[in-house]
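Q: Dropping the structure in here first, questions after.
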Amino acid sequence: MTDGMVFADNIWVQWLEKFAKNGQIESCLLLLNKISRMDNGSKLKASHFNSILTAYGIRGDLDGLRSTLQYMNQMSTQPTALGNPNPLSPNAATYWSYIRSLLQMKRKLGTLIRNGEAFEENMEKKQALQRELDQIMSEMSSREFSLSWKLYTYLLEDMLCEGELTWDQIQTFIASVVAARKVFPRQPLTDAVVSAAIQLGELENGLLFIKDAFGNFKKKYVYIYIYIYFFF
Numbered sequence: 001m002t003d004g005m006v007f008a009d010n011i012w013v014q015w016l017e018k019f020a021k022n023g024q025i026e027s028c029l030l031l032l033n034k035i036s037r038m039d040n041g042s043k044l045k046a047s048h049f050n051s052i053l054t055a056y057g058i059r060g061d062l063d064g065l066r067s068t069l070q071y072m073n074q075m076s077t078q079p080t081a082l083g084n085p086n087p088l089s090p091n092a093a094t095y096w097s098y099i100r101s102l103l104q105m106k107r108k109l110g111t112l113i114r115n116g117e118a119f120e121e122n123m124e125k126k127q128a129l130q131r132e133l134d135q136i137m138s139e140m141s142s143r144e145f146s147l148s149w150k151l152y153t154y155l156l157e158d159m160l161c162e163g164e165l166t167w168d169q170i171q172t173f174i175a176s177v178v179a180a181r182k183v184f185p186r187q188p189l190t191d192a193v194v195s196a197a198i199q200l201g202e203l204e205n206g207l208l209f210i211k212d213a214f215g216n217f218k219k220k221y222v223y224i225y226i227y228i229y230f231f232f
């Protein structure tokens, strides 16, 4: 593949990503159709469909998400001329795009529910998203795709968006943070996760938990913990 061909492929991906971030699914599909007609479809890659997943997520279209992943799974069973893995087979980035879209949709519904808008209907939709999330996480695990650090923190933040946590949820959150630190010992947690963990740590084992969870934590987090411990 020449440098010019690589450049052209990157341009298509950039345009797809641009349309996807704005939820312009129609534009994404038109561009995808154009790419599919180039070189008898040989230009199509999983990365193109990952952008489609992002667009469906922004639009809140669960059916669109499902049908796209289903198509990619079907294509993964189709051999290529040289016997190589099909370039449309779902990869780790595919599942990251899918899960991120589900979490974004779940957050939006959570906001509507807290505002009392179509409570029962939105609650049913949210529960359906949670079932889909559980299923896709299980599928991702069965394919032995590892969780990225970004996805880990996003999942932790999603727990915080549920409002007041039950004791079981608090324990799950704490265990998740500790597990995250073991898998990614040098990666920073987001401020939202850090702040919540510090407060929840007081309910568990205080500063000991914070130290176990964050290892060499920054001084400012110690100050925050001390403030919470003595003034609340």
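So that you can map any letter, position 39 of the sequence shown is 39 in my numbering, and since no number is skipped, the others follow by simple counting.
Ideal placement from N, C-alpha and C gives every residue a C-beta, glycine not left out.
Bear in mind the structure is a predicted one, so any value in this text is a computation, not a measurement.
Work out the CA separation of residue 117 and residue 93 for me, nearest whole Å.
A: Against the sequence shown, residue 93 aligns to sequence position 93. Against the sequence shown, residue 117 aligns to sequence position 117. Using only the alpha carbons, I get a separation of about 33 Å.
Q: Below 7 Å CB to CB, which residues in the same chain sit around residue 78 once its five sequence neighbours on both sides are set aside?
A: Counting from one through the sequence shown, the residue named residue 78 turns up at place 78. Only 86 meet the Cβ criterion.
Q: With a Cβ-Cβ cutoff of 7 Å, do residue 98 and residue 52 count as a contact?
A: If you number the sequence shown from 1, residue 98 lands on position 98. If you number the sequence shown from 1, residue 52 lands on position 52. No. Outside cutoff.
Q: With a cut-off of 8 Å, do at least 3 Cβ pairs link the stretch 43 to 61 to the stretch 8 to 19?
A: yes
Q: How would you label residue 68, buried or exposed, when you count the other beta carbons within 10 angstroms and need 16 or more for buried?
A: Here residue 68 refers to the residue found at position 68 of the sequence shown. Under this definition residue 68 is a buried residue.
Q: Which whole runs of the alpha helix (DSSP H) in the stretch 32 to 62 are 4 residues long or more, in chain order?
A: 46 to 59
Q: Do you know whose CA, among 111, 75, 121 and 140, lies nearest residue 42's CA?
A: If you number the sequence shown from 1, residue 42 lands on position 42. That would be 75, whose Cα lies nearest to the Cα of residue 42.
Q: What are the start and end residues of the alpha helix (DSSP H) that includes residue 97?
A: Sequence index remark: in the sequence shown, residue 97 carries index 97 (1-based). 92 to 114 is the extent of the alpha helix (DSSP H) around residue 97.
Q: Measuring alpha carbon to alpha carbon, tell me which of 57, 39, 32 and 38 ends up nearest residue 46.
A: Walking along the sequence shown from the start, residue 46 turns up at place 46. The candidate whose alpha carbon is nearest that of residue 46 is 32.
Q: Using a threshold of 7 Å, state whether the C-beta atoms of residue 106 and residue 126 are closer than that.
A: As a working mapping, residue 106 is identified with position 106 in the sequence shown. As a working mapping, residue 126 is identified with position 126 in the sequence shown. Contact: yes.
Q: Pull up the distance between the alpha-carbon of residue 114 and that of residue 38, whole angstroms please.
A: Taking the sequence shown and counting its residues from 1, the one referred to as residue 114 is at position 114. Taking the sequence shown and counting its residues from 1, the one referred to as residue 38 is at position 38. Those two C-alpha atoms are separated by around 47 Å.
Q: Tell me whether residue 101 is buried or exposed, calling it buried when 16 or more other Cβ atoms sit within 10 Å of its Cβ.
A: As a working note, residue 101 is residue 101 in the sequence shown. So residue 101 ends up on the buried side.
Q: By how many angstroms is the C-alpha of residue 133 removed from the C-alpha of residue 26?
A: To locate residue 26, count along the sequence shown from 1; it is residue 26. To locate residue 133, count along the sequence shown from 1; it is residue 133. Cα-Cα distance, rounded: 25 Å.
Q: Considering only residues of the same chain and omitting the five flanking positions on each side of residue 139, which have a CB-CB separation below 8 Å?
A: The sequence position of residue 139 within the sequence shown is 139, counting from 1. Excluding residues within five positions, the ones whose Cβ falls inside 8 Å are 95.
Q: Taking 8 Å as the limit between beta carbons, can you name the residues of its chain near residue 61, skipping five residues before and five after?
A: Locating residue 61 in the sequence shown gives position 61, where the first residue counts as 1. Taken in chain order, the residues that qualify are 25.
Q: Compute the distance between the beta-carbons of residue 88 and residue 72, then report whether it is under 7 Å.
A: Walking along the sequence shown from the start, residue 88 turns up at place 88. Walking along the sequence shown from the start, residue 72 turns up at place 72. The answer is yes: Cβ separation under 7 Å.
Q: Considering only their Cβ atoms, is the gap separating residue 57 from residue 130 smaller than 7 Å?
A: Stepping through the sequence shown from its first residue, residue 130 is reached at position 130. Stepping through the sequence shown from its first residue, residue 57 is reached at position 57. Cβ atoms of residue 130 and residue 57: not closer than 7 Å.
Q: Please name the residue, chosen from 142, 29 and 23, that lies closest to residue 91 on a Cα-to-Cα basis.
A: Within the sequence shown, the letter at position 91 stands for residue 91. Among 142, 29 and 23, the Cα nearest to that of residue 91 is on 142.
Q: For residue 142, does the three-state DSSP call read helix, strand or coil?
A: Sequence index remark: in the sequence shown, residue 142 carries index 142 (1-based). Helix, per DSSP.
Q: Give the straight-line distance between the Cα atoms of residue 21 and residue 34, rounded to the nearest whole angstrom.
A: For this step, residue 21 is matched to residue 21 along the sequence shown. For this step, residue 34 is matched to residue 34 along the sequence shown. C-alpha separation (whole angstroms): 19 Å.
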